[in-house]
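According to this note's numbering, the sequence shown is numbered sequentially starting from 2.
Some notes on the structure that comes next.
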Amino acid sequence: MLSITGLTRPAILPGSSYNTGMDAKEAWRKKREITPDDLTLARQVLEEIRAGAEPRAALRAHPLPAGAGFLAKHTLVAAYDDLVSRGEWSPDPALLAAIRMKPVRTLSGVTTITVLTRPSPCPGHCIFCPTEENMPQSYLSDEPGARRGVENDFDPYRQVASRLQALREVGHPTDKIELLILGGSWTAYPKPYQEWFVRRCFEALNGENPEDNRGDVPLAEVHDRNVGARHRNVGLVVETRPDLITREELMAYRRMGVTKLQVGIQSMDDHILELNQRGHTVAEALEAVAMARAAGFKIVAHWMPNLLGATLASDREDFQRLWEDGGLQPDELKIYPCQLLRNAALYQYWQRGEYQPYTEQQLIDLLADIKPNVPRFCRINRVIRDIPSTNVVAGNLNTSLRQDVARELAARGTRCQCVRCREIRKGRVDPANLDLHELVYRAGHATEYFLSFDTPTDELAGFLRLSLPGEPNWLNIPDLASAAIIREVHVFGQSLEVGSERLGAAQHVGLGKRLIEVAAEIARARGYRHLAVISAVGTRDYYAARGFEPGQLYMVRQLQ
């Protein structure tokens, strides 16, 4: 075993997936080597784009020599950065946006970095969950989201630092970062490991202590330095199981800076949960999510159709249970159709003829049936898990179901109205043409307000989630006494660097401030004396400028 500040992790063995990852990393590095000739050619391409040429046409007009193809966009970004840093060109946000690789990654307004925890057993025994040696429970070494963890030996600092570098190289802003910590049930890891892992993630954002040789650095001090850092944390997400959520755990999450929980619900049917050996009940899931909501956390639920014992008809019914009045009502949802994998116990059920996966067309039809029923306050993050098809034994092999489902919805003349399908993304915003809407619903022990600014074409420019506790401060959290809770403020449009502006960009027309004032009026009118917000570390200054003061774990604004 190798030691990390007194903690242990599995050694990397010869022939393991980590070594394969290192080979891939070396190939990736060579692919990104840039020569002086590349920069000269890239400048010619950039000059044509600045003059009005379409980027693809400009690239094709300047091919690489000897039939080697065309310049990659990351080379254009490197050339742009070089020209700006040397003072030859002034910064040109429009040009950078034109050459940015995969702009959709930051169109929601925030840049996400995913990090993977070390291999560790999970307290659950779910029959659908794959197990791979030297990997965290339920993760496979060739999953796109897991590769960076494998390549960096699951070291949090190296994962964050390498991703920051990669994002910069392809032109994405990196000043507002949401950290997504994956690796099974976060709560099941030892507390010292959790705190070390989070600290190292923040130290990577701060660009400090790369060797982790400064002793026992308090996490709170690292947090404080991130408030004004170049890479500010605007959200911290961990994943866990409903049966591991307690008040004590929620308070520990807040001390670490966590703002959002991914919770594996999987099914709203106790019989299905029992058949799949999930290890918790629907009632436990409802109570866990209600507690998390009362503590101000944003909730991302995982829901799995096609589990053992489920049918297409029962899955349609089960999906509707997610949205029952006063029930789960998650803010975001990841739909993970069960995939038949050889290294999961479910494979043995299939071999005995006791389980049959849905076909691709059955899944498309199911998803097209249920997506139009998603409430406007929820965001559907995924409709399939990104497991390479080579791992799937039988059933659907298509990992790009979202596009196929969208085509099916269009053919039916129906649409999904979830947050993701309505985000404004690239469009410019005219504040005078935005309508303020209030969507009120009951969830757990709270009344929820989803406040949104929408365009005349029903695109979503920004929203705020306000929670009015039905049982005042039932978790007995000092900061939340007599308080309504802002659980999220989100303004859409291409993520912009702090201090930068773009004409008509939703992030810079004051929508967030206006939403906060509307929330304050609603809370005041209903008798709340305080308005609390579950602030991320890197958004403390934003809320301080809007009248909020630091509490023990939340920021709080006086209303009366």
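Ideal Cβ positions, reconstructed from N, Cα and C, are used throughout, including at glycine.
From a predicted model like this one, the values you see are computed outputs, not experimental measurements.
Closest Cα partner of residue i within the set the options
{"i": "residue 461", "options": "341, 55, 360, 512", "result": "512"}
{"i": "residue 362", "options": "543, 197, 408, 152", "result": "408"}
{"i": "residue 114", "options": "55, 143, 174, 62", "result": "174"}
{"i": "residue 225", "options": "454, 203, 424, 185", "result": "203"}
{"i": "residue 365", "options": "323, 317, 392, 329", "result": "317"}
{"i": "residue 228", "options": "195, 536, 457", "result": "536"}
{"i": "residue 42", "options": "53, 51, 77", "result": "77"}
{"i": "residue 339", "options": "322, 324, 325, 303", "result": "303"}
{"i": "residue 158", "options": "521, 129, 54, 212", "result": "212"}
{"i": "residue 394", "options": "314, 90, 129", "result": "129"}
{"i": "residue 368", "options": "342, 347, 417, 398", "result": "417"}
{"i": "residue 301", "options": "270, 242, 315", "result": "242"}
{"i": "residue 200", "options": "248, 256, 558", "result": "256"}
{"i": "residue 250", "options": "306, 319, 358, 187", "result": "187"}
{"i": "residue 95", "options": "123, 88, 54", "result": "54"}
{"i": "residue 89", "options": "485, 57, 44", "result": "44"}
{"i": "residue 288", "options": "252, 248, 314, 309", "result": "248"}
{"i": "residue 117", "options": "420, 514, 198", "result": "198"}
{"i": "residue 92", "options": "47, 69, 523", "result": "47"}
{"i": "residue 112", "options": "357, 253, 85, 167", "result": "167"}
{"i": "residue 236", "options": "491, 529, 510", "result": "491"}
{"i": "residue 430", "options": "419, 420, 459, 299", "result": "459"}
Residue i and residue j closer than 8 Å at C-beta
{"i": "residue 146", "j": "residue 206", "result": "no"}
{"i": "residue 131", "j": "residue 345", "result": "yes"}
{"i": "residue 476", "j": "residue 465", "result": "no"}
{"i": "residue 454", "j": "residue 445", "result": "no"}
{"i": "residue 403", "j": "residue 384", "result": "yes"}
{"i": "residue 125", "j": "residue 343", "result": "no"}
{"i": "residue 372", "j": "residue 323", "result": "no"}
{"i": "residue 443", "j": "residue 327", "result": "yes"}
{"i": "residue 392", "j": "residue 141", "result": "yes"}
Span separating the alpha-carbon of residue i from that of residue j
{"i": "residue 496", "j": "residue 180", "result": "Model confidence at residue 496 stands at a pLDDT of 43, short of 50, so the residue's coordinates are unreliable and nothing is read from them."}
{"i": "residue 561", "j": "residue 432", "result": "29 Å"}
{"i": "residue 11", "j": "residue 191", "result": "The predicted model places residue 11 with a pLDDT of 31, which falls under 50 and marks its position as unreliable; any figure quoted below should be read in that light. Those two C-alpha atoms are separated by around 15 Å."}
{"i": "residue 223", "j": "residue 71", "result": "43 Å"}
{"i": "residue 406", "j": "residue 381", "result": "13 Å"}
{"i": "residue 545", "j": "residue 261", "result": "21 Å"}
{"i": "residue 493", "j": "residue 355", "result": "46 Å"}
{"i": "residue 516", "j": "residue 437", "result": "9 Å"}
{"i": "residue 23", "j": "residue 136", "result": "Low local confidence applies: a pLDDT of 48 at residue 23 is under 50, so the model's placement there is unreliable, with the coordinate-based value given in what follows. Rounded to whole angstroms, residue 23 to residue 136 spans 15 Å at the Cα level."}
{"i": "residue 232", "j": "residue 176", "result": "4 Å"}
{"i": "residue 457", "j": "residue 531", "result": "34 Å"}
{"i": "residue 82", "j": "residue 447", "result": "49 Å"}
{"i": "residue 500", "j": "residue 99", "result": "Model confidence at residue 500 stands at a pLDDT of 45, short of 50, so the residue's coordinates are unreliable; what they give is reported in the following sentence. Taking the straight line joining both Cα atoms gives about 20 Å."}
{"i": "residue 67", "j": "residue 389", "result": "34 Å"}
{"i": "residue 415", "j": "residue 370", "result": "9 Å"}
{"i": "residue 194", "j": "residue 121", "result": "11 Å"}
{"i": "residue 439", "j": "residue 527", "result": "15 Å"}
{"i": "residue 80", "j": "residue 74", "result": "10 Å"}
{"i": "residue 185", "j": "residue 97", "result": "37 Å"}
{"i": "residue 51", "j": "residue 240", "result": "44 Å"}
{"i": "residue 291", "j": "residue 329", "result": "8 Å"}
{"i": "residue 38", "j": "residue 518", "result": "54 Å"}
{"i": "residue 559", "j": "residue 397", "result": "53 Å"}
{"i": "residue 320", "j": "residue 314", "result": "10 Å"}
{"i": "residue 548", "j": "residue 487", "result": "14 Å"}
{"i": "residue 441", "j": "residue 449", "result": "6 Å"}
{"i": "residue 234", "j": "residue 489", "result": "14 Å"}
{"i": "residue 325", "j": "residue 374", "result": "12 Å"}
{"i": "residue 472", "j": "residue 523", "result": "17 Å"}
{"i": "residue 550", "j": "residue 85", "result": "39 Å"}
{"i": "residue 467", "j": "residue 533", "result": "10 Å"}
{"i": "residue 576", "j": "residue 265", "result": "Lying before the first or after the last residue shown, residue 576 is absent from the chain, which here runs from 2 to 561."}
{"i": "residue 160", "j": "residue 210", "result": "15 Å"}
{"i": "residue 208", "j": "residue 246", "result": "32 Å"}
{"i": "residue 305", "j": "residue 270", "result": "11 Å"}
Cross-strand partners of residue i (DSSP beta bridge)
{"i": "residue 302", "result": "264, 334"}
{"i": "residue 455", "result": "436, 461"}
{"i": "residue 237", "result": "180"}
{"i": "residue 117", "result": "183"}
{"i": "residue 532", "result": "485, 558"}
{"i": "residue 253", "result": "According to DSSP, residue 253 bridges with nothing at all."}
{"i": "residue 381", "result": "334"}
{"i": "residue 424", "result": "461"}
Taking one C-beta from the region 347-357 and one from the region 290-300 each time, how about it: are there three or more such pairs within less than 8 Å? no
The region 547-558 / the region 475-491 touching (three or more Cβ pairs under 8 Å): yes
With contact counted as at least three CB pairs below 8 Å, one residue from each stretch, are the region 149-160 and the region 259-276 in contact? no
Would you call the region 322-338 and the region 365-380 touching, i.e. three or more CB-CB distances under 8 Å? yes
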